[in-house]
Amino acid sequence: MSSIEANGKTYETDEEGYLADLNTWDKDVAAVMANIDDCELTDSHWEVINFLREYYEEYQIAPAVRVLTKAIGKKLGKDKGNSKYLYELFPYGPAKQACKYAGLPKPTGCV
Amino acid sequence: MAEETKKFMYINRKAPYGTIYAWEALEVVLIGAAFEQDVSVAFMDDGVYQLAKGQDTSGIGMKNFSPTYAALGDFEITKIYVEKESLEERGLTLDDLQHLVWEDEDEDWAEKDSIRLVSRAELGDVLAGQDVLFNF
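As you go down the protein sequences, you meet chains A and B in turn.
Its first residue numbered 18, the first sequence is counted upward by one per residue in my numbering.
Its first residue numbered 9, the second sequence is counted upward by one per residue in my numbering.
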């Protein structure tokens, strides 16, 4: 078991850096996770992260990237519901990277 | 070269908890959906309980994954067959099951029913028309 530190707190993660327990998530740990990847979280990132957390809350799974793209397009507008926009925000793969910052497990369907 | 689309059918026959089949099947369905095949899902025998409303797993220490069935529409799985006889044998009707829908992007996200109630004979015809069957 690995862990990361944010604001004096310790968060347990798996080997790939996903939170072991999604209930331990907060905005501080999200920002630290992003820093590790040299990524600064903007409002646009938070929009996607918050969307993912709501999606998980409702359906108990993280959406695959195709589903995420479509759902973002519906919720936030067509200009954001495309993989170019999402890959610019999350270059390591929108589903994987954004789910990690959102404290969710790796999306079902991600190999 | 265009990839060939095959008709995949996942058949769910077991109660949701007590064995891992139902959850594993659901994960396989969701993973399979990423490959853009023509996917259908069927619920028969005790498998119809997987779609039952109001599941509460707090007493058995398992995750209640029933909310995940409502995500099938997002994964473009829009053909969900429920066998009529299996419901009747268990004293259930469609009203005891979750109302599953998918949203049609081409019609301004109009909600459409995903569940198709079919008789055992009709389900047999559906199965006969598939390329690949997964039995859980």
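Using N, Cα and C, we set each Cβ at its ideal position, and we do this for glycine too.
Given the structure is predicted, the values throughout are model-derived calculations rather than measurements.
Alpha helix (DSSP H) segment containing residue i, residue limits
i	result
L135/B	R128 to A136
K87/A	V82 to L93
D45/A	K44 to I53
K113/A	P111 to Y118
Spatial neighbours of residue i in its chain, beta-carbon cut-off 8 Å, leaving aside the 5 residues before and after
i	result
G137/B	K15
K8/B	Not covered by the structure: residue 8/B. The range shown for chain B is 9 to 144.
S48/B	K15, F16, M17, Y18, I85, K87, I88, Y89, V134 and Q138
E29/A	M18, S19, S20, L36, A37, D38 and T41
Residue span of the beta strand (DSSP E) that contains residue i, given as start and end
i	result
T30/A	K26 to T30
D46/B	D46 to F51
E90/B	The sequence given here has Val at residue 90/B, not Glu. Per DSSP, V90/B belongs to the beta strand (DSSP E) from K87 to E91.
I21/A	S19 to A23
For residue i, the residue or residues it bridges with in DSSP
i	result
W110/B	K120/B
M17/B	S48/B and L141/B
A60/B	L105/B
L125/B	V90/B
Where residue i sits in the DSSP three-state scheme
i	result
G26/B	coil
E105/A	helix
K71/B	coil
L69/A	helix
L38/B	helix
L95/B	helix
L39/A	helix
Cβ shell of residue i (< 6 Å), same chain only, five flanking positions each side left out
i	result
V65/A	A115
F144/B	N20, Y29 and A33
Beta-carbon proximity list for residue i, same chain, < 7 Å, skipping 5 on both sides
i	result
W31/B	F73
beta-carbon residue i near the ligand ATP non-hydrogen atom, thresh 7 Å
i	result
E12/B	Only the bare structure without any ligand can be found here, which leaves the ligand ATP out of the picture.
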